[in-house]
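Here's the structure, in structure tokens; my notes come after.
Number of protein chains: 2
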Amino acid sequence: MVSVGDGVARWRRVADEIRSAITDGTIVEMLPPEVDLAQRFGVNRHTVRRAKAALADDGLLRAERGRGTFVNAVPKRLVYSVGTRTRFSENMLRQSLEPSGRLIRSEQVAADRDKAELLKTKIGAPLHRLEKLSVADGMPLSRSICYFSVERFPAIIESYAETGSITQALRMCGVHDYRRGETRLTAERASVRDIELLNCAADAIMLISSALDIDLDGKPIQAIRTKFLADRMELVFGGS
Amino acid sequence: MVSVGDGVARWRRVADEIRSAITDGTIVEMLPPEVDLAQRFGVNRHTVRRAKAALADDGLLRAERGRGTFVNAVPKRLVYSVGTRTRFSENMLRQSLEPSGRLIRSEQVAADRDKAELLKTKIGAPLHRLEKLSVADGMPLSRSICYFSVERFPAIIESYAETGSITQALRMCGVHDYRRGETRLTAERASVRDIELLNCAADAIMLISSALDIDLDGKPIQAIRTKFLADRMELVFGGS
DNA sequence: CCTAAATGTCTATTTGTATAGACAACTAGT
DNA sequence: ACTAGTTGTCTATACAAATAGACATTTAGG
Chain A
1 MVSVGDGVAR
11 WRRVADEIRS
21 AITDGTIVEM
31 LPPEVDLAQR
41 FGVNRHTVRR
51 AKAALADDGL
61 LRAERGRGTF
71 VNAVPKRLVY
81 SVGTRTRFSE
91 NMLRQSLEPS
101 GRLIRSEQVA
111 ADRDKAELLK
121 TKIGAPLHRL
131 EKLSVADGMP
141 LSRSICYFSV
151 ERFPAIIESY
161 AETGSITQAL
171 RMCGVHDYRR
181 GETRLTAERA
191 SVRDIELLNC
201 AADAIMLISS
211 ALDIDLDGKP
221 IQAIRTKFLA
231 DRMELVFGGS
Chain B
1 MVSVGDGVAR
11 WRRVADEIRS
21 AITDGTIVEM
31 LPPEVDLAQR
41 FGVNRHTVRR
51 AKAALADDGL
61 LRAERGRGTF
71 VNAVPKRLVY
81 SVGTRTRFSE
91 NMLRQSLEPS
101 GRLIRSEQVA
111 ADRDKAELLK
121 TKIGAPLHRL
131 EKLSVADGMP
141 LSRSICYFSV
151 ERFPAIIESY
161 AETGSITQAL
171 RMCGVHDYRR
181 GETRLTAERA
191 SVRDIELLNC
201 AADAIMLISS
211 ALDIDLDGKP
221 IQAIRTKFLA
231 DRMELVFGGS
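Protein chains in written order, with UniProt numbering: chain A, 1 to 240; chain B, 1 to 240.
Quick look at the structure:
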């Protein structure tokens with residue numbers, strides 16, 4: 001039997017509610033006074049102050065004694081368009097951001113059942129496993145792990161290391177165009193590794209996208225699992 | 001200055017890491033012993049035990065003294081396909097689940113700038129605001145708020161109350177088919193209201209979809225913002 | 001039968017979280 | 001100058017979280 005606490009401090013909960021009230025426009029310029037907030041959330045004033053301190057620490061708020069508490073900056077999420085042609089660099093450049101990527105690690109692994117099915121290889125077939133970090137304007141945005149068939153793309157690692165771009169590396173391997181197949185989405189709390197790699201808050205949320213890129217004949221190219229920092233990103237599907 | 005703690009208990013963090021190790025197949029049938037886990041996560045054995053107690057409480061684990069700890073059931077996420085034609089009931093029926101909806105609240109509000117732009121009405125124009133809860137097999141899955149132009153759909157509320165389905169209500173209003181325009185996705189921690197309505201864990205994560213449905217001429221029908229329980233759902237785009 | 005390895009239980013201590021109340025310091029308006 | 005309203009600081013108390021160590025209980029295997 002688990003005892004009463006749920007493992008999330010109340011000040012953290014309050015901080016999150018205030019933050020989303022700011023991002024979705026419920027709170028515009030000024031925060032309600034601390035006693036009001038305390039009553040609304042059903043907590044002590046000190047708990048509200050703790051929450052506000054955390055938000056102020058993130059540069060979101062500015063409290064002025066005697067006057068009140070003001071919203072410093074409304075954090076805007078970066079938009080990432082997921083279409084049939086999805087390219088990280090294009091997405092960032094469209095928003096005047098300087099994209100860059102960093103290779104965390106690369107290795108060969110054996111295909112398990114899921115990946116074999118996706119990439120249409122045999123179970124146990126060798127796969128390149130590439131772990132990357134995507135950065136825009138110096139801010140880490142996402143972390144991806146992608147898998148390529150070693151048989152089909154023997155030299156993809158070297159090409160990526162050379163160019164720093166998957167799109168270009170694929171071109172060197174003879175794939176001049178590819179498109180996005182299926183994308184599956186869910187969300188989880190950031191793992192300790194996410195936190196250290198992305199340099200984000202300890203309670204950050206990751207938007208997880210599992211996708212398959214295919215060439216123009218429908219043959220699988222790469223299986224990608226990307227974890228986006230949810231509070232810095234917004235994914236857009238369709239419409240454009 | 002915020003003092004040291006980050007507002008998320010370590011046992012909660014450990015529990016989450018173990019849970020995702022189970023769902024993504026890293027841990028298959030049996031958990032490593034507590035001392036190993038404690039060392040791996042850099043925490044005390046008692047902290048691991050607290051985490052395991054929480055997971056066992058959710059029915060995910062079963063510990064047997066002297067033998068070890070076993071995975072009880074691998075939680076599988078429900079799949080929700082988002083295509084150009086997205087219907088909740090169809091999605092659930094395809095997985096042999098009994099869909100149902102519950103109207104939480106309906107009211108009229110004035111269009112703010114964002115909604116006016118989306119729905120192509122004037123700022124301040126009256127909108128129906130419908131707050132719904134979607135349930136499959138008795139389990140709450142998501143919570144949505146949708147907006148309709150009162151001018152275009154004066155009787156949508158009554159029709160929805162009668163039929164319990166937006167698709168059918170629209171049909172009664174003369175819209176026999178519609179499709180999904182753009183869908184924007186992000187994620188946030190559940191608010192206190194989410195928790196009470198969806199009857200979920202206090203630290204649940206919500207997958208947030210903001211979308212626009214349009215009729216076959218491209219005219220806007222409804223703006224929808226849905227919050228899905230991320231640990232019960234997976235959204236799928238494209239591919240099918 | 002004995003041992004190694006695993007989970008379960010107990011006590012104790014330290015740090016973080018939450019509440020409560022009181023009061024100081026500052027601002028804006030009357 | 002005064003007052004009402006706001007943020008900032010202090011003390012105190014109770015409970016939860018995290019660590020540490022010791023030992024009991026059960027299982028499986030040699």
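Where a beta carbon is used, it is the ideal one built from N, C-alpha and C, also for glycine. None of the values given here were measured: they were computed from a predicted structure.
Around the beta-carbon of residue 113 of chain B, fewer than 16 other beta-carbon atoms lie within 10 Å, marking it exposed.
With fewer than 16 neighbouring CB atoms inside 10 Å of its own CB, residue 26 of chain A falls in the exposed class. The Cβ of residue 71 of chain A sits no closer than 7 Å to any Cβ of chain B. Chain-ordered, the chain B residues with CB closer than 8 Å to the CB of residue 233 of chain A read 186.
Excluding five sequence positions before and after residue 12 of chain B, the CB atoms of its chain that fall closer than 7 Å to its own CB belong to 203, given in chain order.
With fewer than 16 other Cβ atoms from the protein chains shown falling within 10 Å of its own Cβ, residue 84 of chain B counts as exposed.
Taken through DSSP and simplified to helix, strand or coil, residue 223 of chain B comes out as strand.
A residue is called buried when at least 16 other Cβ atoms come within 10 angstroms of its Cβ; residue 158 of chain A does not meet this threshold and is exposed. Neighbours of residue 180 of chain B in chain A, taken as residues at a C-beta separation under 7 Å, are given in chain order as 238. Across the structure, residue 22 of chain A and residue 28 of chain A are spaced so that their CA atoms are roughly 6 Å apart.
Under a criterion of Cβ atoms nearer than 7 Å, no residue of chain B is adjacent to residue 215 of chain A; the nearest Cβ is some 15 Å distant. One Cα belongs to residue 108 of chain A, the other to residue 62 of chain A, and the distance between them is close to 50 Å. Take the alpha-carbon of residue 225 of chain B and the one of residue 209 of chain B: they are about 6 Å apart. Going by beta carbons, residue 187 of chain A and residue 207 of chain A fall inside the 7 Å limit. Scanning A/68, A/95 and A/6 for the CA closest to the CA of residue 137 of chain A turns up A/95. Here residue 215 of chain A is not near residue 160 of chain A, since their CB atoms are 7 Å or more apart. The closest CA to that of residue 99 of chain B, considering only B/192, B/33, B/132 and B/5, is found on B/132. Chain-order list of chain A residues neighbouring residue 189 of chain B: 16 and 205, by C-beta distance under 7 Å. Scanning the UniProt domain "HTH gntR-type" (8-74) of chain B from its first residue to its last, the whole alpha helix (DSSP H) runs of 4-plus residues come out as 10-23, 34-41 and 45-57.
Distances from the CA of residue 197 of chain A to each of A/51, A/219, A/106 and A/134 were compared; the closest alpha carbon is that of A/134. A/19 is the residue among A/19, A/125 and A/110 whose C-alpha sits nearest the C-alpha of residue 232 of chain A. Put simply, the region 167-175 of chain A touches the region 145-159 of chain A. At least three CB pairs are less than 8 Å apart.
Of the candidates A/236, A/24, A/123 and A/15, the residue whose Cα lies closest to the Cα of residue 74 of chain A is A/24. Taking C-alpha positions only, residue 195 of chain A is separated from residue 32 of chain B by approximately 24 Å. Ranked by Cα distance from residue 86 of chain A, the options A/104, A/183, A/103 and A/230 are led by A/183.
Residue 186 of chain B has B/208 as its beta-bridge partners, per DSSP. In this structure, residue 60 of chain A keeps its C-beta atom at 7 Å or more from the C-beta atom of residue 15 of chain A. A straight line joining the alpha-carbon of residue 17 of chain A with that of residue 81 of chain B spans about 29 Å. Closest by C-alpha distance to residue 69 of chain A, out of A/37, A/97, A/92 and A/205, is A/37. Scanning chain B for C-beta atoms nearer than 9 Å to the C-beta of residue 20 of chain A yields 188, 189 and 191, reported in chain order. Around the CB of residue 124 of chain A, fewer than 16 other CB atoms lie within 10 Å, so the residue is classed as exposed.
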